[in-house]
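What follows is a single structure, written as structure tokens, with notes after it.
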Amino acid sequence: MKHLLSATAMVLASATLAGAEGVLQLYNWGNYTSPELLEKFEKETGIKVTVTDYDSNDVALAKVEAGGSGFDLVVPSANYVPIWVEKGLIVPLDLSKLPNHANIAPEWKDVPWDPGRAYTIPWQWGSTGLTVNTKVYGGDINTSAVFLEVPPELQGKINVVPEMNDIVALATMYVGGEPCSEDPEVMKKARDVLLAAKPNWISMDYGATERVSNGDWAASVNWNGSSMRVRLNTNGDVQYGYPKEGYPLFMDSVALLKDATNVEEAYKFLDFIMVPENAAMISNFARYANGISGSEAFMDPEMTNAPEVVIPEEFKAAGVFLPTCTGKSLDYITAIWTELQK
Amino acid sequence: MAERGFQISRLPGFATVAIGAFVLLYLPILTLVVYSFNASNSVAVWGGFSLHWYADAWANEDVKAATVRSLVIGVSAAFLSTILATLAALGTTRRRAFKGQTLIYVVINQPLMVPEIVTAVALMIFFGIIKVATGYQGLGYLIAAHTAFCLPFAYLPIRARLESMDLALETAAADLYASPWQTFRRVTLPLLAPGIMAGAMLAFVISLDDVVITEFVKSGGQDTLPTYMLGQLRRSFTPEVNAISTMLLAVTVVLLTAFFLLTRKKD
Chain S
9 MKHLLSATAM VLASATLAGA EGVLQLYNWG NYTSPELLEK FEKETGIKVT VTDYDSNDVA
69 LAKVEAGGSG FDLVVPSANY VPIWVEKGLI VPLDLSKLPN HANIAPEWKD VPWDPGRAYT
129 IPWQWGSTGL TVNTKVYGGD INTSAVFLEV PPELQGKINV VPEMNDIVAL ATMYVGGEPC
189 SEDPEVMKKA RDVLLAAKPN WISMDYGATE RVSNGDWAAS VNWNGSSMRV RLNTNGDVQY
249 GYPKEGYPLF MDSVALLKDA TNVEEAYKFL DFIMVPENAA MISNFARYAN GISGSEAFMD
309 PEMTNAPEVV IPEEFKAAGV FLPTCTGKSL DYITAIWTEL QK
Chain P
14 MAERGFQISR LPGFATVAIG AFVLLYLPIL TLVVYSFNAS NSVAVWGGFS LHWYADAWAN
74 EDVKAATVRS LVIGVSAAFL STILATLAAL GTTRRRAFKG QTLIYVVINQ PLMVPEIVTA
134 VALMIFFGII KVATGYQGLG YLIAAHTAFC LPFAYLPIRA RLESMDLALE TAAADLYASP
194 WQTFRRVTLP LLAPGIMAGA MLAFVISLDD VVITEFVKSG GQDTLPTYML GQLRRSFTPE
254 VNAISTMLLA VTVVLLTAFF LLTRKKD
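Going down the list, the protein sequences come from chains S and P.
If you use this note's numbering, the first sequence corresponds to residues 9 to 350, in order.
If you use this note's numbering, the second sequence corresponds to residues 14 to 280, in order.
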């Protein structure tokens with residue numbers, strides 16, 4: 009009995025000790041956080057990070073908005089950051105507590121969805137482009153014509169991911185417009201080119217990593233990280249194309265919640281992930297680029313050389329962060345998408 | 014022939030349809046099991062035989078924690094909802110029909126009718142208020158939510174069993190001066206036991222399976238096995254998910270077999 013009591017006392021004591029050393033609640037996309045990163049953070053600071061998964065921006069937003077979520081940090085996508093700010097769910101960061109803020113790469117220091125990086129720290133970013141089996145199609149893959157004016161070799165063999173914003177934006181830029189255009193002429197052209205191309209698509213579905221790898225599809229509109237895995241699965245026959253007419257970029261960034269309870273721990277974590285070596289751990293795990301200068305030196309060589317991760321200089325300018333479309337443009341996009349689904 | 018009456022198994026094509034149905038049911042599961050032994054990191058391209066995904070899943074702390082959490086919630090919710098369902102079933106069958114009985118059936122079975130997402134959002138908002146007011150973030154919310162939606166699944170088999178049980182036995186016990194408690198303890202409960210077991214098993218499986226409500230109700234660090242697996246969607250699945258599913262499948266099969274053997278012996 010005495011043993012039991014002292015054992016219980018010890019367990020309780022260690023529990024309070026752990027409490028004193030600090031905890032942190034990170035709410036992030038599933039399978040997106042490197043476990044080694046969290047281990048290293050705990051070793052250096054004594055702070056235990058608990059990760060909880062979500063699978064869509066909307067679920068994360070709804071849960072935090074309902075209140076009492078208990079999370080400290082969240083990782084929304086670029087086009088959702090303004091919504092989190094507007095609803096007052098995330099707070100501006102105190103840069104004096106983030107000495108490593110200077111490590112953010114110049115091109116990510118001032119971004120349209122978060123001017124001056126007042127609210128968010130880069131986590132990972134990537135692009136939407138084309139995954140093409142070059143054994144089937146040997147032509148130019150750096151153009152949206154691959155799926156909008158499908159070449160004969162790819163007819164009936166190309167898939168298009170069912171992502172409304174990405175696909176309509178690709179078509180809008182292909183016909184010479186801007187994403188979220190409110191010009192009815194431009195949007196009509198985008199609609200026409202999509203509807204004309206659709207009969208040549210095999211499907212509108214997810215799962216390109218698997219289905220291009222096993223040869224079910226010869227090509228797909230796809231994300232860069234997925235495309236890299238296909239290339240590694242298939243001994244290099246599959247390449248990633250950056251549509252020169254314009255292609256969407258995405259970035260997920262970490263933000264501090266207004267009702268966070270472990271604020272000091274959260275700042276320590278934010279500063280920690282801006283150390284190049286640590287940012288590289290994030291990338292090595294989830295296979296996307298991270299936006300911290302100098303992290304390349306610590307990344308797996310197969311990533312630092314990957315044409316899917318490092319955007320070739322000539323295609324850099326064509327990458328666009330999609331704004332949050334509203335009003336008339338959103339009506340057009342929804343109408344086009346509805347028609348395309350028929 | 015005619016005197017044997019109508020038998021569905023004598024209809025032409027019965028075997029073909031039955032085999033077809035079994036193939037449709039089990040072929041996908043078989044594929045999942047086969048690819049859990051895949052050496053490559055793909056769930057669709059075969060790269061040779063390997064057990065390393067099992068080793069990965071076994072070594073994955075997140076998977077272990079999520080499994081334990083799923084089991085704790087499932088057992089608690091099955092236990093609580095079965096007790097409540099048994100009481101409800103006794104209250105709605107072992108008495109004369111009363112006004113508003115149908116209404117009570119509807120209320121008890123409400124989780125079956127209301128779309129899951131509606132319950133999920135309602136619970137998220139409701140628990141949100143409580144979480145802010147009390148600061149409590151524990152597993153209690155998930156257990157309460159699971160108990161609520163498991164209730165009709167436990168209730169239906171128990172009620173069905175009660176309705177098919179002969180009232181004469183209970184009446185006879187009462188005639189022989191058994192107190193209501195003795196009647197319940199010695200007559201009703203033993204006869205009802207298979208119904209209660211069936212209800213509890215069903216409730217446990219339904220709880221283990223749930224994604225939508227759990228996703229909306231869970232607090233920090235409360236991923237269950239299904240929400241953990243859902244979270245893997247952003248990146249592509251690896252055969253690790255197949256390995257986890259196969260192990261879960263094996264546990265279920267073992268449990269069901271054990272349950273079947275135990276109940277058969279008693280009969």
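Don't be surprised by glycine CBs; every beta carbon is placed ideally from N, CA and C.
Residues near residue i in its chain [Cβ-Cβ closer than 7 Å; skip 5 each side]
i: S/Lys-252; result: Asn-150, Thr-151, Phe-323 and Ala-326
i: S/Thr-128; result: Val-89, Asp-122, Ser-261, Val-262 and Ala-263
i: S/Glu-44; result: Met-289
i: S/Thr-342; result: none
i: P/Ile-117; result: Thr-105
i: S/Lys-71; result: Ser-77
Chain S within 8 Å of residue i, Cβ atoms only
i: P/Tyr-48; result: no
i: P/Phe-62; result: no
i: P/Glu-228; result: yes
i: P/Val-81; result: no
i: P/Lys-112; result: no
i: P/Ser-232; result: yes
i: P/Ser-258; result: no
i: P/Leu-221; result: no
i: P/Leu-243; result: yes
i: P/Val-281; result: Because chain P is modelled from 14 through 280, residue 281 of chain P falls outside the range shown and cannot be assessed.
Cβ-Cβ separation, residue j to residue i (assumed contact under 8 Å), whole Å
i: S/Lys-276; j: S/Ile-98; result: The pair is not a contact, with the Cβ atoms about 18 Å apart (cut-off 8 Å).
i: S/Asn-222; j: S/Gly-164; result: Rounded, the Cβ-Cβ distance is 17 Å, inconsistent with contact.
i: S/Asn-270; j: S/Asp-80; result: 5 Å
i: P/Leu-97; j: P/Leu-164; result: 6 Å
i: P/Pro-5; j: P/Ala-161; result: This structure cannot settle anything about residue 5 of chain P, because the visible part of chain P is limited to 14 through 280.
i: P/Gln-195; j: S/Gly-38; result: The Cβ separation is near 54 Å, so there is no contact.
Minimum Cβ-Cβ distance from residue i to chain P less than 8 Å
i: S/Lys-143; result: no
i: S/Asp-63; result: yes
i: S/Gly-124; result: no
i: S/Glu-171; result: no
i: S/Arg-199; result: no
i: S/Arg-219; result: yes
i: S/Asn-292; result: no
i: S/Gln-132; result: no
i: S/Gly-38; result: yes
i: S/Gly-27; result: Note that S/Gly-27 scores 43 on pLDDT, short of 50, meaning its location in the model is unreliable; the coordinates nonetheless yield the value given after this. No - not a single Cβ of chain P is within 8 Å of the one on S/Gly-27.
Contacts that residue i makes with chain A (C-beta to C-beta distance below 7 Å)
i: P/Thr-160; result: In the displayed structure, chain A is absent; the protein chains listed are S and P.
Sequence-distant residues of its chain with Cβ nearer than 6 Å to residue i (five each side left out)
i: P/Ala-158; result: Leu-136, Ile-226 and Val-230
i: S/Pro-170; result: Met-212
i: S/Met-259; result: Ala-86 and Trp-133
i: S/Leu-198; result: Per the sequence presented here, residue 198 of chain S reads as Ala, with Leu not at that position. Around S/Ala-198: Ala-179, Thr-180 and Val-183.
i: P/Ala-52; result: Gly-60, Gly-61 and Ser-63
i: P/Phe-166; result: Leu-215, Ala-216 and Ile-219
i: S/His-109; result: Leu-103
i: S/Ser-228; result: Thr-139, Asn-167, Ala-216 and Val-220
i: S/Val-317; result: Ala-297 and Met-311
i: P/Met-282; result: As displayed, chain P neither begins before 14 nor continues past 280, which places residue 282 of chain P out of reach and without an answer.
Which residues DSSP lists as bridging residue i, in chain order
i: S/Ile-112; result: S/Ile-300
i: S/Met-259; result: S/Trp-133
i: S/Gln-33; result: S/Thr-58
i: S/Ala-227; result: S/Val-140 and S/Ile-166
i: S/Ser-211; result: S/Asn-167
i: S/Leu-81; result: S/Leu-34 and S/Leu-264
i: S/Ile-98; result: S/Leu-265
i: S/Val-119; result: S/Asp-122
Close beta carbons around residue i, own chain, < 8 Å, minus the five adjacent residues each side
i: S/Val-158; result: Ile-166, Ala-205, Asn-208 and Trp-209
i: S/Glu-50; result: Lys-56 and Val-57
i: S/Ile-112; result: Arg-125, Ile-129, Pro-130, Met-282, Gly-299, Ile-300 and Ser-301
What are the residues of the stretch 298 to 317 of chain S that lie near chain P, defined by any Cβ-Cβ distance shorter than 7 Å?
none
Output needed in chain order: residues of the stretch 42 to 68 of chain S with a Cβ under 8 Å from some Cβ in chain P.
Pro-43, Thr-58, Val-59, Thr-60, Asp-61, Tyr-62, Asp-63 and Val-67
Beta carbons nearer than 9 Å to chain P: which residues of the stretch 329 to 343 of chain S have them?
none
Residues in the stretch 114 to 144 of chain P with C-beta within 8 Å of chain S's C-beta atoms, listed in sequence order?
Val-134, Met-137, Ile-138, Phe-140, Gly-141, Ile-142, Ile-143 and Lys-144
What residues from the stretch 68 to 102 of chain S come within 9 Å of chain P, judged by C-beta to C-beta, listed N to C?
Ala-70, Lys-71, Glu-73, Ala-74, Gly-75, Gly-76, Ser-77, Gly-78, Phe-79 and Asp-80
Beta carbons nearer than 7 Å to chain P: which residues of the stretch 232 to 259 of chain S have them?
Ser-234, Arg-237 and Asn-241
Give, in chain order, every residue of the stretch 267 to 280 of chain S whose Cβ lies closer than 7 Å to some Cβ of chain P.
none
Residues of the stretch 144 to 178 of chain S whose Cβ lies closer than 8 Å to any Cβ of chain P, in chain order:
none
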